[in-house]
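**Q** This structure is in C-alpha cells; I'll ask about it shortly.
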Amino acid sequence: MRALFLTISILCLLVLNVSSDDKNKEQSNAEIWQQDLSDTFKIEGSDQGIQKVNLKCGSNSMNVMLETEKPFSGVMYTRGSFYKQSEPCFVKPSTQTSRTLEMNFQLDQCQTLKNGELYSNIVVIQNDPELITPGDSAFSLECDFRQPRNLDVEANMQTRDR
0 MRALFLTISI LCLLVLNVSS DDKNKEQSNA EIWQQDLSDT FKIEGSDQGI
50 QKVNLKCGSN SMNVMLETEK PFSGVMYTRG SFYKQSEPCF VKPSTQTSRT
100 LEMNFQLDQC QTLKNGELYS NIVVIQNDPE LITPGDSAFS LECDFRQPRN
150 LDVEANMQTR DR
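Take the sequence shown: its letters are residues 0 to 161, numbered as in numbering that gives the first Met the number 0.
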C-alpha cells in the first residue's frame with residue numbers, strides 16, 4: 000500500500016511539473032515581441048552596376064580590378080573571407096565616391112585552390128557592406144598556367160659603335 004501511495008505521489012509531482020513547464024513555455028511565447036517590417040524594410044537589387052571586372056594573373060599572384068558605373072559603397076572579398084574582413088582577401092572602397100576596387104593576393108592566399116597549374120578562386124561583390132542582397136555578384140577566377148600564351152616582348156636598346 001505504501002509503494003502504491005509513493006508511486007501515485009511521484010506521478011502527481013511529475014504531472015504538476017510538466018503542466019507548470021507548459022505554462023512557462025506559453026508565457027514565454029506570449030511575451031515575444033513582433034513587428035511586421037514589410038513596409039519599412041525592402042531588399043532590392045542594387046542599381047550600382049558593374050562596369051568591368053578585370054583579372055590579371057601574375058607568376059605567383061592574382062589581381063582583380065572592379066570598376067562600377069556609380070560610386071560603390073560595398074565590399075569585395077574572396078569566398079570564405081567575409082568574417083575575418085582583413086586584407087588582402089577583403090577590400091573596401093577608399094572613399095565614398097570611389098568607383099574602383101582592387102584586390103591583389105598571392106596564389107597561396109585567400110582560399111585559392113590549386114589543381115596542378117590551374118589556380119582558382121571565387122570573388123564576391125557585395126553592394127551592402129553588411130548584408131547580402133539580390134543585386135550582389137560572385138565571379139569564378141582562374142589563372143591557368145597549363146596553356147602556352149602568346150606574349151609580345153619588345154625591347155629598345157642602344158648600341159655603341161666600336
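Every residue, glycine too, gets a C-beta built ideally from N, C-alpha and C.
Which same chain residues, not among the five before or five after LEU55, have their C-beta less than 7 Å away from its C-beta?
**A** Along the sequence shown, read from residue 1 onward, the residue named residue 55 stands at position 56. This sequence places Lys at residue 55; Leu is not what is there. So the list reads ASN62, once near-sequence residues are dropped.
**Q** What three-state label does DSSP hand ASP143 in the structure shown?
**A** Taking the sequence shown and counting its residues from 1, the one referred to as residue 143 is at position 144. Three-state DSSP puts ASP143 in a strand.
**Q** Grab the span of the beta strand (DSSP E) containing PHE104 for me, first residue to last.
**A** In the sequence shown, counting from the first residue as 1, residue 104 sits at position 105. Where PHE104 is concerned, the enclosing beta strand (DSSP E) stretches over 99-105.
**Q** Specify, as a first and last residue, the run of the beta strand (DSSP E) that CYS88 falls within.
**A** Counted from its first residue, the sequence shown places residue 88 at position 89. Unbroken run through CYS88: none, as it is neither H nor E.
**Q** Can you give me the C-alpha to C-alpha distance between GLN108 and ARG159, rounded to a whole angstrom?
**A** Start at 1 with the first residue of the sequence shown, and residue 108 comes out as number 109. Start at 1 with the first residue of the sequence shown, and residue 159 comes out as number 160. So the alpha carbons of these two residues sit roughly 47 Å apart.
**Q** What did DSSP end up calling PHE4 once you bin it into helix, strand or coil?
**A** By one-based count along the sequence shown, residue 4 stands at place 5. Note that PHE4 has pLDDT 39, beneath the 50 cutoff, so the model's placement of it is unreliable and no number is given.
**Q** Specify the secondary structure class of PHE138 as computed by DSSP and reduced to three states.
**A** Counting from 1 along the sequence shown, the entry for residue 138 is found at position 139. Three-state result, PHE138: strand.
**Q** Tell me whether the stretch 62-78 and the stretch 106-123 touch, counting them as touching only if at least three CB pairs, one residue from each stretch, are closer than 8 Å.
**A** yes
**Q** Assign PHE144 to buried or exposed, taking buried as 16 or more other Cβ atoms, counted over all protein chains shown, within 10 Å of its Cβ.
**A** Along the sequence shown, one-based indexing puts residue 144 at 145. With a threshold of 16 other beta carbon atoms within 10 Å, PHE144 falls short and is exposed.
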